[in-house]
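Numbered by the numbering used here, the letters in the sequence shown go through residues 213 to 338 in order.
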Amino acid sequence: MATTSEAAAAAPAPTAGSKTVIKTAEAVDRHGTKVGVMKTFEDGSKIQSNLNGTTIEISPDGTRVQTNSDGTIITSKPDGSKLQENPDGKKIETTVDGEQIQTNKDGSTIVLKSKDDDKGCGCFGV
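So this is what it looks like as structure tokens:
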């Protein structure tokens, strides 16, 4: 008869799509309250599924994609740049140097924060 550890080792690892899950853990906030479940995959990627409907995917290269329950998607790159895509079609890009540019559904742009102005200029028509 196999011991518990041998039986566990012989059992196939759960999969998500074509990736094999190697670790599953509770995701908690800084107060220790459970907020969801974090799965780690054999390739080093992770997916956190939160109770509020938010999903956070972290790629092996450090790219982080957060999808909120309202459909907002925020992609954060290891270099510090970010792209927020809202369900209404508006996009907000934050560049490596801190500049923030909003692109509206109609294609118009607004500089929310200029790389040369720490307070943001609110300039139109860029």
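Yeah, the Cβ is synthetic: ideal placement off N, Cα and C, and Gly gets one too.
Check                                                                                              : Outcome
Own chain residues within Cβ distance below 6 angstroms of A214, not counting five before or after : Any reading at A214 must be qualified, since the residue scores a pLDDT of 34, below 50, and its modelled position is unreliable; no value is offered.
Cross-strand partners of T287 (DSSP beta bridge)                                                   : V277, L295
Residue from S257, V247, R242 whose Cα sits closest to the Cα of P272                              : S257
Rounded straight-line distance, which links the Cα of V240 to that of V247                         : 5 angstroms
Where G265 falls: helix, strand or coil (DSSP)                                                     : coil
Own chain residues within Cβ distance below 6 angstroms of A237, not counting five before or after : M250
Boundaries (first-last residue) of the beta strand (DSSP E) holding T245                           : Per DSSP, T245 belongs to no beta strand (DSSP E) and is neither H nor E.
N-terminal and C-terminal residue of the beta strand (DSSP E) that E311 is part of                 : Neither: E311 is in no beta strand (DSSP E) and is coded neither H nor E.
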